[in-house]
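Enquirer:
Number of protein chains: 2
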Amino acid sequence: MILVDGHPREWILVSDRGLQYGDGLFETLAVRDGRIRHWQGHWRRLLEGCRRLGIEPPREEIVQEEVLRVGEGPERRVVKVVITRGAGGRGYAPPAVVSPTRIVSGHPWPAWPREFAQEGVALHLCRTALGDNPTLAGIKHLNRLEQVLARGEWDDPRVPEGLMRTLDGRPVCGTMSNLFLHCDGRLVTPTLDRCGIRGVTRAEVLGAARSEGIQVEEIPCSMAMLERAEEVFLTNSIIGIWPVRALGDVHRWRAGPWARRLGEWVESQW
Amino acid sequence: MILVDGHPREWILVSDRGLQYGDGLFETLAVRDGRIRHWQGHWRRLLEGCRRLGIEPPREEIVQEEVLRVGEGPERRVVKVVITRGAGGRGYAPPAVVSPTRIVSGHPWPAWPREFAQEGVALHLCRTALGDNPTLAGIKHLNRLEQVLARGEWDDPRVPEGLMRTLDGRPVCGTMSNLFLHCDGRLVTPTLDRCGIRGVTRAEVLGAARSEGIQVEEIPCSMAMLERAEEVFLTNSIIGIWPVRALGDVHRWRAGPWARRLGEWVESQW
Chain B
1 MILVDGHPRE
11 WILVSDRGLQ
21 YGDGLFETLA
31 VRDGRIRHWQ
41 GHWRRLLEGC
51 RRLGIEPPRE
61 EIVQEEVLRV
71 GEGPERRVVK
81 VVITRGAGGR
91 GYAPPAVVSP
101 TRIVSGHPWP
111 AWPREFAQEG
121 VALHLCRTAL
131 GDNPTLAGIK
141 HLNRLEQVLA
151 RGEWDDPRVP
161 EGLMRTLDGR
171 PVCGTMSNLF
181 LHCDGRLVTP
191 TLDRCGIRGV
201 TRAEVLGAAR
211 SEGIQVEEIP
221 CSMAMLERAE
231 EVFLTNSIIG
241 IWPVRALGDV
251 HRWRAGPWAR
261 RLGEWVESQW
Chain D
1 MILVDGHPRE
11 WILVSDRGLQ
21 YGDGLFETLA
31 VRDGRIRHWQ
41 GHWRRLLEGC
51 RRLGIEPPRE
61 EIVQEEVLRV
71 GEGPERRVVK
81 VVITRGAGGR
91 GYAPPAVVSP
101 TRIVSGHPWP
111 AWPREFAQEG
121 VALHLCRTAL
131 GDNPTLAGIK
141 HLNRLEQVLA
151 RGEWDDPRVP
161 EGLMRTLDGR
171 PVCGTMSNLF
181 LHCDGRLVTP
191 TLDRCGIRGV
201 TRAEVLGAAR
211 SEGIQVEEIP
221 CSMAMLERAE
231 EVFLTNSIIG
241 IWPVRALGDV
251 HRWRAGPWAR
261 RLGEWVESQW
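Each protein sequence line maps, in turn, to chains B and D. According to the working numbering, the first sequence is numbered sequentially starting from 1. According to the working numbering, the second sequence is numbered sequentially starting from 1.
#1: Of all the options D:Glu66, D:Ala224, D:Ala246, which has the alpha carbon lying nearest to the alpha carbon of valine 104 of chain D?
#2: Could you check where the beta strand (DSSP E) with glycine 240 of chain D kicks off and where it finishes?
#3: What whole-angstrom Cβ distance do alanine 195 of chain D and glycine 131 of chain D have, given they're in contact under 8 angstroms?
#4: Check each candidate in D:Cys221, D:Val200, D:Gln118 and name the one with the smallest Cα separation from arginine 165 of chain D.
#5: In chain order, what residues of the same chain have a beta carbon less than 8 angstroms from the beta carbon of tyrosine 21 of chain B, not counting five sequence neighbours either side?
#6: Could one say the Cβ of aspartate 193 of chain B lies closer than 9 angstroms to chain D's Cβ atoms, at least one of them?
#7: Of all the CB atoms in chain B, is at least one closer than 9 angstroms to the CB of threonine 201 of chain D?
#8: Cβ of leucine 53 of chain B within 9 angstroms of Cβ of glycine 24 of chain B?
#9: Look at the Cβ atom of arginine 77 of chain D, then the Cβ atom of alanine 30 of chain D, and state whether they are nearer than 9 angstroms.
#10: Evaluate the contact criterion for the region 215-231 of chain D versus the region 183-199 of chain D: three or more CB pairs, one atom per stretch, below 8 angstroms.
#11: List the residues of chain B whose Cβ lies closer than 8 angstroms to the Cβ of proline 94 of chain D, in chain order.
#12: Where does valine 63 of chain D sit, in a helix, a strand or coil, going by DSSP?
#13: Applying a beta-carbon distance threshold of less than 8 angstroms, which residues of chain D neighbour threonine 128 of chain B?
#14: Which same chain residues, not among the five before or five after arginine 9 of chain B, have their C-beta less than 8 angstroms away from its C-beta?
#15: Starting from serine 237 of chain D, follow the alpha helix (DSSP H) in both directions and report where the run begins and ends.
#16: Output yes or no for whether 9 angstroms exceeds the beta carbon distance between glutamine 118 of chain D and alanine 224 of chain D.
#17: From what residue to what residue does the beta strand (DSSP E) around proline 108 of chain D run?
#18: Do you know whose CA, among B:His124, B:Glu146, B:Lys140, B:Gly120, lies nearest tryptophan 134 of chain D's CA?
#19: Mind checking tryptophan 270 of chain D: buried by the 16 CB within 10 Å criterion, or exposed?
#20: Nearest by alpha-carbon distance to glycine 41 of chain D: which of D:Arg32, D:Gly34, D:His7, D:Glu27 is it?
#21: Does the Cβ of proline 74 of chain B have 16 or more other Cβ atoms within 10 Å, making it buried, or fewer, making it exposed?
#22: By how many angstroms is the C-alpha of proline 257 of chain D removed from the C-alpha of threonine 84 of chain D?
#23: Name the chain B residues whose beta carbon is nearer than 7 angstroms to that of glutamate 10 of chain D?
#24: Let me see if you follow: with CB-CB separation under 9 angstroms, is glycine 6 of chain B close to chain D or not?
#25: Relative to the C-alpha of arginine 90 of chain B, which candidate in D:Val266, D:Ser15, D:Val148, D:Ala208 has its C-alpha closest?
#26: Less than 9 angstroms separating the beta-carbons of threonine 175 of chain D and isoleucine 219 of chain D?
#27: What residue range is occupied by the uninterrupted alpha helix (DSSP H) comprising threonine 201 of chain D?
#28: Go ahead and pull the three-state DSSP assignment for cysteine 50 of chain D.
#29: For chain D, find out if any of its Cβ atoms is closer than 9 angstroms to the Cβ of phenylalanine 233 of chain B; answer yes or no.
#30: According to DSSP, which residues form a beta bridge with aspartate 214 of chain D?
#31: Please look up how many angstroms separate the CB atoms of valine 14 of chain B and tryptophan 154 of chain D, rounded, as I've assumed it's under 8 angstroms.
#32: Which same chain residues, not among the five before or five after aspartate 193 of chain B, have their C-beta less than 8 angstroms away from its C-beta?
#33: Would leucine 247 of chain B pass as a contact of serine 177 of chain B if the rule is Cβ separation under 9 angstroms?
#34: So for glutamate 161 of chain D, helix, strand or coil by DSSP?
#35: Just to make sure I have the definition right: I need the residues of chain D whose C-beta is within less than 8 angstroms of the C-beta of isoleucine 197 of chain B. Which are they?
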């Protein structure tokens with residue numbers, strides 16, 4: 001089911017700025033038994049995105065109610081929320097008066113093999129780099145061509161994710177996930193002030209690791225750090241945590257204790 | 001009038017990847033008396049964009065016919081063509097089988113004051129920088145949040161355009177136009193291999209200048225070059241050429257002979 005501004009509907013106006021310019025934001029949520037995992041984190045990021053793009057945010061209780069409505073059912077569901085600036089205006093200038101469009105859609109839970117979370121995944125090494133863009137870094141906006149091009153580089157169902165790097169070759173995230181390294185005794189995740197999306201599960205995992213007494217650092221990472229890491233894993237609101245066991249043809253890592261512990265913690269968060 | 005895949009219709013599916021990811025391209029065309037100005041240039045850029053994004057291009061004669069249909073009337077018209085990868089696929093991966101969406105819409109000619117083309121315009125100096133992204137540079141794709149944010153910085157109808165700079169402060173283009181400088185006896189326009197759109201009128205003006213014997217260079221420009229330029233002007237498919245007379249509070253330039261000659265040449269191109 002899709003709700004557009006609260007009404008069951010599968011279409012939007014051609015003049016919507018979400019289509020014309022990618023002028024909007026989205027969130028992808030895990031829903032089960034009337035609960036939205038990490039709702040507060042998703043809602044805060046959506047508000048932060050609205051603030052940075054100058055879009056009037058929707059009311060929290062309305063979005064929450066719609067998410068639960070399209071997320072209903074006996075199984076876990078994926079719910080996507082898209083907020084655009086709304087329809088209208090010829091040219092880039094945001095219209096002085098405009099009413100944001102709210103799109104809430106429900107989707108089946110992806111049928112990932114159980115071994116991805118247990119034994120880990122192989123990653124494609126993407127050639128498409130993440131551009132350098134501090135203005136848009138961190139928020140989950142609708143300008144996602146980099147991810148589309150990177151994800152289009154390979155088509156092997158046994159390889160569910162790809163590693164993306166900055167223009168100067170630093171590993172920064174997956175096409176749809178954030179990256180963590182267990183490296184030199186610390187838990188490290190790349191800074192996201194010039195590109196990438198500040199994941200909600202990333203923030204939750206950072207918090208959980210800290211409260212378990214693990215030393216945590218957000219720093220620019222290098223391929224050398226990735227290569228010498230004891231554990232590598234990915235986070236995302238739907239997958240939770242996937243350990244990484246291979247990058248391209250190189251089989252280097254095993255699902256380790258931190259990925260396992262933090263993965264179990266995320267799965268307990270329903 | 002709006003045609004979606006050839007049918008009069010004002011909507012697209014929510015699942016269209018143009019909305020979900022900005023996964024597509026556009027062209028903005030000037031149409032008068034059954035003629036499309038610089039059609040070959042627009043068509044070539046659209047083909048190049050489709051090639052780089054891996055989108056199956058539409059047939060030329062179909063697009064041309066639809067552009068003329070929505071561009072009909074006694075006045076000049078603006079016609080926008082949007083090509084998206086099409087609807088479907090959950091997640092960034094382009095679906096193996098997908099049918100591109102073709103949207104052709106007609107709009108009134110903007111009511112710019114005549115003095116903009118004759119005496120020149122004042123520019124806002126945008127704080128929003130153009131990110132660094134060689135993968136997407138040059139083509140007219142639908143990820144246009146940088147331009148939206150830059151154009152949202154000011155709201156003075158007497159200031160119709162803003163100057164955008166790279167992350168390291170080099171002037172590169174307007175929010176909707178390309179930049180030319182008459183500087184040190186040459187006609188200079190910034191290189192666009194890391195950001196910006198390779199304008200059709202830009203290419204036509206470069207060609208026309210060359211054939212008039214003017215020395216032409218595409219090079220990275222600096223604010224110092226802009227400041228010492230004898231003439232500064234902007235190009236765009238709808239406006240043609242606008243000389244620049246001011247940047248922010250600084251009134252520095254006058255509409256000069258090259259802007260005038262090349263502007264008249266563009267206006268003769270119907």
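Where a beta carbon is used, it is the ideal one built from N, C-alpha and C, also for glycine.
Expert: To lay it out plainly:
#1: D:Glu66
#2: 240-247
#3: As written in the sequence, residue 195 of chain D is cysteine, which differs from the alanine given in the question. Indeed, because the Cβ distance is near 6 angstroms, the residues count as touching under 8 angstroms.
#4: D:Cys221
#5: Once the five neighbours on either side are set aside, the close Cβ partners of tyrosine 21 of chain B are Tyr92.
#6: no
#7: no
#8: yes
#9: Taking 9 angstroms as the Cβ cut-off, arginine 77 of chain D and alanine 30 of chain D qualify as a contacting pair.
#10: yes
#11: Val148, Arg151, Gly152
#12: Three-state result, valine 63 of chain D: helix.
#13: Thr135
#14: Ile2, Leu3
#15: No alpha helix (DSSP H) holds serine 237 of chain D; DSSP gives it neither H nor E.
#16: no
#17: 101-108
#18: Residue identity check: residue 134 of chain D is proline in the sequence provided, not tryptophan. When only C-alpha atoms are compared, the closest one is B:Glu146.
#19: Exposed, by the Cβ-count rule.
#20: D:Glu27
#21: exposed
#22: 41 angstroms
#23: Leu13, Val14
#24: no
#25: D:Val148
#26: no
#27: 200-211
#28: The answer is helix: DSSP assigns cysteine 50 of chain D an H, G or I state.
#29: no
#30: What sits at residue 214 of chain D in the sequence shown is isoleucine, not aspartate. Per DSSP, none; premise fails for isoleucine 214 of chain D.
#31: About 27 angstroms; that fails the 8 angstroms criterion.
#32: Excluding sequence positions up to five before and after aspartate 193 of chain B, its CB lies within less than 8 angstroms of the CB of Pro134, Ala137, Gly138, all in the same chain and listed in chain order.
#33: Going by C-beta atoms, leucine 247 of chain B is not nearer than 9 angstroms to serine 177 of chain B.
#34: Looking at glutamate 161 of chain D - three-state DSSP - the assignment turns out to be strand.
#35: None at all; the shortest Cβ gap to chain D is about 12 angstroms.
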